[in-house]
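To start, the structure under review is shown below, and the notes come after it.
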Amino acid sequence: MVLKTPFIVTWRPWRSHRFTETDNLSHPEQALDPPPYLVPHSQEAIRILYRDADLLVVDKPTLLLSVPGRHPLNRDCLIERLDAHYPGVVAVHRLDLDTSGVMIIPRNRESLSRLAKAFQGRMIEKTYIARVIGSIRNDTGTIDLPLTRDWPNRPRQKVCFETGKPSITHWRVLSRENNTSLLELSPETGRSHQLRIHLNAIGHAILGCDFYAPEAVLARAPRLLLHASRIRFAHPTSGTIITAFSPPKCMNDYG
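Under the numbering used here, the first residue of the sequence shown is numbered 74, with each subsequent residue one higher.
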């Protein structure tokens, strides 16, 4: 089963949308409005790429937390907004606040358990698109650098060969322009900030990265140019292979 997102849906504030289920989404997706009692970080709608009784596949906008933050004022997040329309949804994985793209959202505990095991067993394929500084010489490569928490500078992580956990990222160059490279990234592991740190470590920081990029690279883009563009997994109940896509937004504006 392949879920395609042929174009971007424009958010219309406070307008409700009816949703018709289908296995192949070749029409505009449902857009969810942010709950009116919260002040959202992002005014962009959440796109529903797929829905059934067991899970949702959604397109998270940038500047929206995946789950509630510790501070009471940071309750607004993807899960809170979805729960207003689909009560009982839970998180099985996360994208950073600044990262946009495809996420799987279980709708019950059984689906959560099965999907969690699939993530732990590295049976879910994730692909990201990023624009980085510099023209990378090779067309493909692998970054194998162990990562651990940088406790004095939390929530940052760091490369550490003594105590770091194995972390592997495969990359492929899609294009090069204006001293930047557009990359397709396929992480084998899912460490916090893995893609940001790995690319910064080889001298090609992601544009707009406020944690690790030098000031000049941070200033090249108004947001982190990292997008989860594709996810492929076996449905936790039926076993059907689902592949969901989300086209990267505005990557070509900063090349």
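The beta-carbon is built from N, C-alpha and C at its ideal position, and this holds for glycine as well.
- Under the 8 angstroms Cβ criterion, the stretch 172 to 186 counts as touching the stretch 116 to 132, having at least three qualifying pairs.
- Around residue 148, the same chain offers 141 as residues with beta carbons nearer than 6 angstroms, after the five sequence neighbours per side are excluded.
- Around the C-beta of residue 193, fewer than 16 other C-beta atoms lie within 10 Å, and the residue is accordingly described as exposed.
- Using a 10 angstroms sphere on the CB of residue 277, the tally of other CB atoms reaches 16 or more, which defines it as buried.
- Cβ contact annotation for residue 180 (same chain, cutoff 7 angstroms, sequence separation greater than five): 126, 127, 128, 129, 159, 161, 162, in chain order.
- When DSSP states are grouped into helix, strand and coil, residue 186 belongs to the helix group.
- Contact check for residue 280 and residue 256: beta-carbon distance about 11 angstroms, past the 8 angstroms limit, so the pair fails to qualify.
- Segment contact: the stretch 206 to 216 against the stretch 236 to 249, three or more CB-CB distances shorter than 8 angstroms; contact assigned.
- Secondary structure at residue 271: helix, using DSSP grouped into helix, strand and coil.
- If you check the CB distance, residue 236 and residue 253 do not come in under 7 angstroms.
- In the same chain as residue 197, and ignoring 5 residues on each side of it, the C-beta atoms closer than 6 angstroms to its own belong to 191, 306, in chain order.
- Here residue 145 carries a helix assignment [DSSP, helix/strand/coil].
- Straight through space, the alpha carbons of residue 240 and residue 290 are spaced by roughly 24 angstroms.
- As summarised for the stretch 221 to 288, the continuous alpha helix (DSSP H) elements at least 4 residues long and confined to that stretch are 267 to 274, given in chain order.
- By the CB criterion at 7 angstroms, residue 165 and residue 188 fall inside the cutoff.
- In its chain, beyond the 5 residues on either side, 269, 270, 273, 278 have a beta carbon closer than 7 angstroms to the beta carbon of residue 285.
- Burial check for residue 238: the Cβ neighbour count within 10 Å stays below 16, so the residue is exposed.
- Contact between residue 199 and residue 304 is confirmed by a C-beta separation of about 5 angstroms, below the 8 angstroms threshold.
- Short of 6 angstroms from the beta carbon of residue 167, and not among the five residues preceding or following it, lie these beta carbons of its own chain, in chain order: 139.
- No Cβ-Cβ contact shorter than 7 angstroms links residue 115 with residue 145.
- Residue 265 and residue 119 have their alpha carbons spaced roughly 23 angstroms apart.
- 301 is the residue among 310, 223, 325, 301 whose C-alpha sits nearest the C-alpha of residue 318.
- By the Cβ neighbour-count rule, residue 294 is buried, with 16 or more other Cβ atoms within 10 Å of its own.
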